[in-house]
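Asker: In the working numbering, the protein residues as written are 98 to 250.
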């Protein structure tokens, strides 16, 4: 068993310097309860890191990034919302596929492998969860996942 709240808090603290170096505000809305789940901490931490890191990379200087964990039915929802570039409609269908990159002019200079979201999806689904996102091109995005309280990796 592990605390999703504590895991997310640790990742936020590890990513804070990267966010501040771009002038971003990084805020968190975490529950008082530990949001206990049954999962593999190191791989779930990688999923959380990938989503927060993407928000930092794809948000222009001085943006806002908010991270949230909340109860969701029989589990918990984790989400990252940013004031970043957003995703063009034509790129949305391929986001969670291997080697997927945002093809917009604004994002071409941003380093990445194209495997981050693919790995997030694989890890979350392996834990019995699901991924989600919403995005408005030019305004920002929300990426996240839902995990059951008792999941088996």
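The beta-carbon is built from N, C-alpha and C at its ideal position, and this holds for glycine as well.
Closest to residue 105 by C-alpha separation, out of 216, 128, 171 and 121, would be which residue?
Answerer: That would be 128, whose Cα lies nearest to the Cα of residue 105.
Asker: Identify, in the order they occur along the chain, each residue of the same chain with its Cβ nearer than 6 Å to the Cβ of residue 163, setting aside the five sequence neighbours on each side.
Answerer: Answer for residue 163: 124 and 178, listed in chain order.
Asker: My parser needs the beta strand (DSSP E) runs of 3 or more residues fully inside the stretch 158-185; what are they?
Answerer: List check, beta strand (DSSP E) in window: 161-169 and 172-179.
Asker: So what does DSSP say about residue 215, is it helix, strand or coil?
Answerer: Here residue 215 sits in helix by DSSP.
Asker: With C-beta atoms as the reference, is residue 159 less than 8 Å away from residue 121?
Answerer: Yes. Within cutoff.
Asker: Kindly indicate if chain D contains any beta-carbon less than 8 Å away from that of residue 165.
Answerer: Structure shown: chain D not included; a single protein chain is present.
Asker: Between the stretch 214-225 and the stretch 134-147, do three or more beta carbon pairs fall short of 8 Å?
Answerer: Cβ pair count under 8 Å is three or more, so yes.
Asker: Using DSSP with H/G/I as helix, E/B as strand and the rest coil, what is residue 204?
Answerer: Here residue 204 scores only 47 on pLDDT, less than 50, and its place in the model should not be relied on; the value that follows carries that caveat. Three-state result, residue 204: helix.
Asker: Check whether the Cβ atoms of residue 175 and residue 229 sit closer than 8 Å, and answer yes or no.
Answerer: No, these two residues do not count as a Cβ contact at 8 Å.
Asker: Among the residues of its own chain, which have a CB less than 7 Å from the CB of residue 140, if the five just before and after it don't count?
Answerer: Closer than 7 Å at Cβ, skipping near neighbours: 220.
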